[in-house]
Structures are given as C-alpha cells and as structure tokens.
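**Student:** Here you go, one structure.
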Amino acid sequence: MDHDELREWSKRAADWVHDYHASLRDRPVRAQVGPGQVAAQLPTSAPESAEPMEQIISDFDRIVPGAMTHWQHPRFFAYFPANAAPASMLAEQLANGMAAQAMLWQTAPAANEIESVMMGWLRDALGLADHFTGTIHDSATTATLSAVLTMREQALGWEGNKAGLSALPRLRLYASAETHSSVDKAARIAGIGQENLIKIPTDMHDAMKPGALAGAIRADRAEGYVPTGLILCAGGTAIGAFDRIADTIEVAKSEGLPVHVDAAWGGSAMICPEFRNLWEGVDGADSIVFNPHKWLGAQFDCAVQFLADPAPQIRTLGLRPDYLQTLGRDEIVNYNEWTVPLGRRFRALKLWFVLRAYGLEGLRNRIRNHVAWSRELRDALAALPEVEIVTEPNLSLFSFALSSGDRATEELLARINDDGRVYLTQTRARGRFVIRVQVGQFDCTREDVMTVRDVVAELKEGLE
Ligand code: PLP
C-alpha cells in the first residue's frame, strides 16, 4: 500500500467508522464470543506475499467488530468509560498521519508546546492552583508509578537509582483499600514491595481515617521504617470513594511526606465547580493524576499528571545522554524527562481539539447530565422489589444487589451481559457481591440510562 492508496482507503475507513457508530445501539454491548474463537479464524503464520487490501478489510469486517466489546456504545455502563469524542478521533487521525515521535522539544516542537499550553488550560479548567504544571502519560498507572518512584528517591536522598535498593532501609507507602490496583503495582515495580504499601482503614464514608494514617506513620518510624509517601483516592474504581484530601494531606505534610492524588476517573468532573468540594485541599498535593481518556472525551490513551514542582520527578526519571541533547537549547522542557518511556505520542493534539470542539461548557453539561441520570436510575432501581442499593452514588457511580444474596446477583449480572442491551460489571462492597453502574458514555441519553432499570426488572424475574 502506498500513500495514494492510503488516501482512498482512509475515506472508506471514515465511512466504515461512521456506519459502525450509527449501528452501535443495535449491537450487544459486551462481546458475545468465547475465548479462542477469534484466534481460530486466523492463519497460524504471516503471509509470504502481499495480500490485496480489499481482502484484508473484508476479513476485518468479518472477524473483528462482532468480537469486540463496544466501548463507545451509549449503553456501556461497565468499569469506567473510555470515551472517544469524534473531535478526538479526528485529532488522532492527524497525529497518526504525521506519526512524529515527540520525545524532545526538537523532535516535535508543536507537540511539546501544545502539551504545555494544554496543561495550563486543564489546570485552570479543574480549578487547580496556578503553581501546577503537568505532562501527559499513556495511563494513570504510569503516572502513579512516576510519582511513587519520585517519592522513593526523595525518601532515599536520591540513592535508590544510584546504588540500588538492596542495602537501603525499608520504605513505607500509605493508601486506603479503595485506591486502584495501579498503586499496588507501583509499590511492587518501584521495589518498595507490596508488604510495605500500608492500607489505612476507612470510615463509614469509605474515606481514609486521618487519625489511623498518623498512627501508622508514627508506628512505622518507631520500628525503623522510612515513611515515603501518601497516595489518595479521589474517585475509587470499585465504588467511587473519595478520601478526605485536606485532612489527610495535613497529616502527610506534618510528617514531611509527599502526596499523590489518584483522580483518574473523578478528576474530569472537577471541570464542574459544584463537585470540587469532593477534593477540597487538593492544591496541597505534590502530584495529581486524572485521565481525560475516561470521562472527558479524549481518546485513549491520555493521562494527565499535574506536578506542584516537576524538579524531583525530572531528577528521578530524566536522563540526557549525548544523543538526546538539543545542542544550544538544553534549557528547553523535554517531556521524556518527566515520564518513564523515552518515546512519546502527540497526545496533546486531541486535548486541543476536544476542548475547542465541545468547549468546557459542553463538557460540563455532559458530566452534569451523567450525574443527574445516574441518581435518577438509582431511585428507579431502588423502587424495584428485591433490589437494594448497596453504595450510594459518588458522582455517577453506585452499586446494587438483589436482596436474595450473592449467587442471585451474580446470576443477574450474567443474564444482563448475555442479553447485551446494557453492559455492567461487578465489585465487592459491604461484604457483598454487587453490580456497579457508572454513567459516563459521551453519547448516552437519559433513555439509554433508564434502559438499565427495564433490563434489571425483566431479567431478575425468577431469581429471587
Ligand atoms: N486509578 C483509577 C481510580 C482507575 O479507575 C484506573 C482505571 O480504571 C486507574 C487508576 C488506572 O488507569 P489506567 O488504565 O489509565 O492505567
């Protein structure tokens, strides 16, 4: 295939994408295939000779869409959303077409400078203090890992990267059980160890208890551990829990610990001033991550990390060998020094397109609708016999179960996802198997959301 052919096929691909999106409401949301079914349709080795694109596309059409879970389906209420607003898809096409590697300012000046400007736009849109700068990672997992590696180096007086960890004191991180498993992964990869990630108990609102945090830090110091950092939850994955950011940051600061806030999902909602009380005190954090690729409409992947001071993270992650120097311009920001991978995609472009194409007010309206519809759905489900709301809405996420117990609830979930009109997933809360509902798909309507009530009412029959 050459660029002339690409032009023609790109037009056909654009038509395909249009028709795919137009057909979504008629498709089951969750893939209805079993393991191995797709692989069984592919040859076991690559072709020796080139094949015609017509054939490749026809195989794509035959094999792929029917074996996908449709994340852009308006009735996707599982996990968290991974929204791809049309303007964001367009930006991705343009970025893919240029296919630049934005590792240094000089390898992609526009990508670098648009990234800096977007960080300022987003910081202000979320109502964060002026001192925050930021960068874009692929995922929140990488941003949290970067923050934890930085905490480790600060705690070890910058000796970890240099001398390795074996002869150094044991470090301790603190988080609540409501934080995402990416925090556990960061503790493991950073060499701090799962056993040294201390999960602080939560109160009746699922928020970390500041007193218990202070006690754990003091006890650890007394036993010779080195308290290293605090990771807070601003919208946990299971039930949307929020830690009391101001109170816990106060404890961390009095103990001299840096703080990272995981707002991967909840952060997008902070473009609405009325939700900011949920993370009151966040300006005291050293690092905050949120994923515009979840609720804001920037196509996956796009995770933004705000930093009160980027210097410690650059000192931890930045390397500048001869071949990466920008001769005569070494004072310039090179974002690869703020992040784990050297290579970087031009992710800022989709933020620029999304923020302009919908405007903050357009994005706020969507999020406000999602929160309102989720509460309406909560009430409609609560009115059904045998349905119990187990955790109340945090922003647009709540959970429910059947009063007859875990087995019936699990069976109901299987029925719902085999049916395909909506897609929901599970977690455990209050000691029970519960079904999560999160409302956040970019194109969903109130009617789409209320379909959950009808599906549950119909499919729970015979289960109680
Ligand atoms: N933090 C929270 C609260 C999440 O919900 C998720 C993913 O859903 C993550 C972190 C990890 O996000 P990513 O997939 O961008 O690594």
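Those letters in the sequence shown? Residues 1 to 464, per our numbering, in order. Yeah, the Cβ is synthetic: ideal placement off N, Cα and C, and Gly gets one too.
#1: Checking 9 Å against the spacing of the C-beta atoms, do S403 and E388 come in under that value?
#2: Sorry if obvious, but does the Cβ on N291 come closer than 8 Å to a heavy atom of the ligand PLP?
#3: Report the residue ranges of all alpha helix (DSSP H) runs contained in full by the stretch 288–344; include only those spanning at least 4 residues, in chain order.
#4: Nearest to R244 by alpha carbon, out of R218, D220, P227 and A212?
#5: Output the distance between the C-alpha atoms of F300 and I63, rounded to the nearest integer angstrom.
#6: Just to check, is the beta-carbon of G297 closer than 8 Å to a non-hydrogen atom of the ligand PLP?
#7: Under 8 Å from any heavy atom of the ligand PLP, does the C-beta of C272 make it?
#8: Taking 8 Å as the threshold, find out whether the stretch 234–249 comes into contact with the stretch 196–211 through three or more Cβ pairs.
#9: Any heavy atom of the ligand PLP closer than 8 Å to the Cβ of K294?
#10: For the stretch 366–386 and the stretch 134–149, state whether three or more C-beta atom pairs, one from each stretch, are separated by less than 8 Å.
#11: Using a threshold of 8 Å, is the CB atom of D144 nearer than that to any non-hydrogen atom of the ligand PLP?
#12: Indicate whether the contact test is met: 3 or more Cβ pairs, each with one atom in the stretch 223–240 and one in the stretch 144–152, closer than 8 Å.
#13: In the structure shown, what three-state DSSP assignment does M208 receive?
#14: Decide yes or no for the touch test of the stretch 285–292 against the stretch 263–273: beta carbon pairs closer than 8 Å, at least 3 of them.
#15: Just tell me which of E411, H73, W295 and K253 has its CA closest to the CA of L463.
#16: Could you give the DSSP three-state label for I217: helix, strand or coil?
#17: Does the Cβ-Cβ distance between N112 and N334 come in under 9 Å?
#18: Take R415 and list the residues in its own chain whose beta-carbon comes closer than 6 Å to its own, dropping the five residues that flank it on each side.
#19: For the ligand PLP, is there any heavy atom lying closer than 8 Å to the beta carbon of Y79?
#20: What number of angstroms, rounded off, separates the C-alpha of A254 from the C-alpha of E447?
#21: Using only alpha-carbon positions, find the residue among G127, R453 and L395 that is nearest to A401.
#22: Nearer than 8 Å: is that true of the beta carbon of T391 relative to any heavy atom of the ligand PLP?
#23: To the nearest angstrom, report how far apart A298 and E223 are at their CA atoms.
#24: Would you be able to state if there are at least three C-beta pairs under 8 Å between the stretch 165–185 and the stretch 320–331?
#25: Give the range of the alpha helix (DSSP H) segment to which D262 is assigned.
#26: If contacts are defined as beta-carbon pairs under 8 Å, then R172 and V226 qualify, I think. What distance do you get, rounded to the angstrom?
#27: Looking at E178 and A238, is the spacing between their C-beta atoms short of 9 Å?
#28: Give me the residue from Y423, D283, E54 and L278 with the minimum Cα distance to Q438.
#29: Considering only heavy atoms of the ligand PLP, does any lie closer than 8 Å to the CB of G284?
#30: Please state if the CB of A110 and the CB of Q101 are separated by a distance shorter than 9 Å.
#31: Less than 9 Å between the beta carbons of H73 and R152, yes or no?
**Tutor:** By the coordinates alone:
#1: Working through the sequence shown from its first residue, we reach residue 403 at position 403. Working through the sequence shown from its first residue, we reach residue 388 at position 388. Annotated as proximal: S403 and E388, with beta-carbon spacing under 9 Å.
#2: For the purposes of this step, residue 291 is taken as residue 291 along the sequence shown, with counting starting at 1. Taken from the Cβ of N291, at least one heavy atom of the ligand PLP lies inside 8 Å.
#3: Fully enclosed alpha helix (DSSP H) runs of 4 or longer: 292–295 and 311–317.
#4: Walking along the sequence shown from the start, residue 244 turns up at place 244. Ranking the options by Cα distance to R244, first place goes to A212.
#5: Along the sequence shown, read from residue 1 onward, the residue named residue 300 stands at position 300. Along the sequence shown, read from residue 1 onward, the residue named residue 63 stands at position 63. Taken atom to atom, the span from the alpha-carbon of F300 to that of I63 is near 23 Å.
#6: One-based indexing of the sequence shown puts residue 297 at position 297. Not so, every heavy atom of the ligand PLP lies at least 8 Å from the Cβ.
#7: Your numbering for residue 272 matches position 272 in the sequence shown. Because no heavy atom of the ligand PLP lies under 8 Å away, the Cβ of C272 does not count as near it: no.
#8: Contact holds between the stretch 234–249 and the stretch 196–211, because three or more Cβ pairs, one in each stretch, are under 8 Å apart.
#9: Counting from 1 along the sequence shown, the entry for residue 294 is found at position 294. Yes, the beta carbon of K294 sits closer than 8 Å to at least one heavy atom of the ligand PLP.
#10: As far as the Cβ criterion goes, the stretch 366–386 does not touch the stretch 134–149, which means the pair count is below three.
#11: Your numbering for residue 144 matches position 144 in the sequence shown. Strictly speaking, residue 144 in this sequence is Thr, with Asp absent from that position. Yes.
#12: The stretch 223–240 makes contact with the stretch 144–152; the number of CB pairs closer than 8 Å reaches 3 or more.
#13: In the sequence shown, the residue the question calls residue 208 occupies position 208. Judged by DSSP in its simplified three-state form, M208 adopts strand.
#14: Flag = yes, the stretch 285–292 and the stretch 263–273 touch.
#15: Looking up residue 463 in the sequence shown gives position 463. The option with the nearest alpha carbon to L463 is E411.
#16: On the sequence shown, residue 217 is found 217 positions in, with the first residue counted as 1. The three-state secondary structure of I217, taken from DSSP, is helix.
#17: Translated into the one-based positions of the sequence shown, residue 112 becomes position 112. Translated into the one-based positions of the sequence shown, residue 334 becomes position 334. Result yes, Cβ atoms of N112 and N334 sit closer than 9 Å.
#18: Here residue 415 corresponds to residue number 415 of the sequence shown, with the count starting at 1. Hits under 6 Å: L459.
#19: Here residue 79 corresponds to residue number 79 of the sequence shown, with the count starting at 1. It does: the Cβ of Y79 is within 8 Å (strictly closer) of some heavy atom of the ligand PLP.
#20: Residue numbering aside, residue 254 sits at position 254 when the sequence shown is read from its first letter. Residue numbering aside, residue 447 sits at position 447 when the sequence shown is read from its first letter. According to the sequence displayed, residue 254 carries Ser and not Ala. So the two alpha carbons sit approximately 49 Å from each other.
#21: Locating residue 401 in the sequence shown gives position 401, counting from the first residue. Ranking G127, R453 and L395 by Cα distance to A401 puts R453 first.
#22: Working through the sequence shown from its first residue, we reach residue 391 at position 391. Not one heavy atom of the ligand PLP sits closer than 8 Å to the Cβ of T391.
#23: For the purposes of this step, residue 298 is identified with residue 298 of the sequence shown, where counting begins at 1. For the purposes of this step, residue 223 is identified with residue 223 of the sequence shown, where counting begins at 1. In a straight line, the C-alpha of A298 is about 46 Å away from that of E223.
#24: Taking 8 Å as the limit for Cβ pairs, the verdict is that the stretch 165–185 does not touch the stretch 320–331.
#25: Here residue 262 is taken as the residue at index 262 of the sequence shown, counted from 1. Taken as a continuous stretch (DSSP letters only), D262 belongs to no alpha helix (DSSP H), being part of the beta strand (DSSP E) at V259 to D262.
#26: For the purposes of this step, residue 172 is identified with residue 172 of the sequence shown, where counting begins at 1. For the purposes of this step, residue 226 is identified with residue 226 of the sequence shown, where counting begins at 1. The beta carbons of R172 and V226 sit about 7 Å from each other, so the pair counts as a contact at 8 Å.
#27: Counted from its first residue, the sequence shown places residue 238 at position 238. Counted from its first residue, the sequence shown places residue 178 at position 178. Yes, they are a contact pair.
#28: To locate residue 438, count along the sequence shown from 1; it is residue 438. Ranking Y423, D283, E54 and L278 by CA distance to the CA of Q438 puts Y423 first.
#29: Counted from its first residue, the sequence shown places residue 284 at position 284. Not under cutoff, so the answer is no.
#30: Stepping through the sequence shown from its first residue, residue 101 is reached at position 101. Stepping through the sequence shown from its first residue, residue 110 is reached at position 110. Between Q101 and A110, the gap from beta carbon to beta carbon reaches 9 Å or more.
#31: Within the sequence shown, residue 73 is the residue found at index 73, counting from 1. Within the sequence shown, residue 152 is the residue found at index 152, counting from 1. Taking 9 Å as the Cβ cut-off, H73 and R152 do not qualify as a contacting pair.
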